[in-house]
Each structure stands twice: as C-alpha cells, then as structure tokens.
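Engineer: In the UniProt record's numbering, the protein residues as written are 1 to 86. This is the structure, below, for whatever I ask next.
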C-alpha cells in the first residue's frame, strides 16, 4: 500500500514513521531539532505552494526523508486508511 502526499508524490505506507501537524510541531524542542537536522542534511522535500500543513517522516534503506505537504494530517490519515495500491 502507498500513501499519496500530494503533487504526484507517493511513498510506501510501511516507510511512514510519523506525521506531524505543522501548526503544533514547532512547539516541541525535539521536533524543532529534527526539522533543523533534516534541513541541514538536505533531506526535506517540499510539496506545498503556500504553507505546509503536515510533515511526513519516512525511513527506508537509504535513510530518513521529511516531506512537507499542504495536506492536513487528517487528510493524510484518511488516505492511509483507504490505502492506495499500485
């Protein structure tokens, strides 16, 4: 199963580690640290036009990637529950 993140990006659902609500994500020191580290390492993919609403952390054999998307965490949850087979 796959999760569609928007703007023609899909990721295998089993690689999704966490979904963060960007409205509250920066309140936590740990989350700010994660965002900073991922930015420094060039591991952030921006999938939004205005402001990101959610961050999706994925991990595979190549390491971690953080996708910033304009979709809400609730929309991502609905998509994950429906599943998307390719």
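Backbone N, C-alpha and C fix where the C-beta goes; we use that ideal spot for every residue, glycine too.
Leaving aside the five residues before and after residue 15 along the sequence, list all residues of the same chain whose C-beta is less than 8 Å from its C-beta, in chain order.
Structural biologist: Residue numbering aside, residue 15 sits at position 15 when the chain shown is read from its first letter. The answer, listed in chain order, is 58, 59, 60.
Engineer: Using alpha carbons as the reference points, say which of 39, 26, 8, 55 lies closest to residue 77.
Structural biologist: For the purposes of this step, residue 77 is taken as the residue at position 77 of the chain shown. Out of 39, 26, 8, 55, 55 has the C-alpha closest to the C-alpha of residue 77.
Engineer: If you follow the beta strand (DSSP E) that residue 42 is in, where does it begin and where does it stop?
Structural biologist: Start at 1 with the first residue of the chain shown, and residue 42 comes out as number 42. Taken as a continuous stretch (DSSP letters only), residue 42 belongs to no beta strand (DSSP E), as it is neither H nor E.
Engineer: Considering only DSSP beta bridges, list what residue 12 is partnered with.
Structural biologist: The sequence position of residue 12 within the chain shown is 12, counting from 1. Bridge partners of residue 12: 2.
Engineer: Do residue 74 and residue 47 come within 7 Å of each other at the CB atom, strictly closer than that value?
Structural biologist: By 1-based counting over the chain shown, the position of residue 47 is 47. By 1-based counting over the chain shown, the position of residue 74 is 74. No, the Cβ-Cβ distance between residue 47 and residue 74 is not below 7 Å.
Engineer: Give the secondary structure of residue 33 by DSSP, where H, G and I count as helix, E and B as strand, and everything else as coil.
Structural biologist: Position 33 of the chain shown holds residue 33. Note: residue 33 maps to helix in three-state DSSP.
Engineer: To the nearest angstrom, how far is the alpha carbon of residue 23 from that of residue 40?
Structural biologist: Walking along the chain shown from the start, residue 23 turns up at place 23. Walking along the chain shown from the start, residue 40 turns up at place 40. One C-alpha to the other measures close to 22 Å.
Engineer: Could you spell out where the beta strand (DSSP E) holding residue 55 opens and where it closes?
Structural biologist: Taking the first residue of the chain shown as 1, we reach residue 55 at position 55. From DSSP, the beta strand (DSSP E) with residue 55 extends over 54 to 60.
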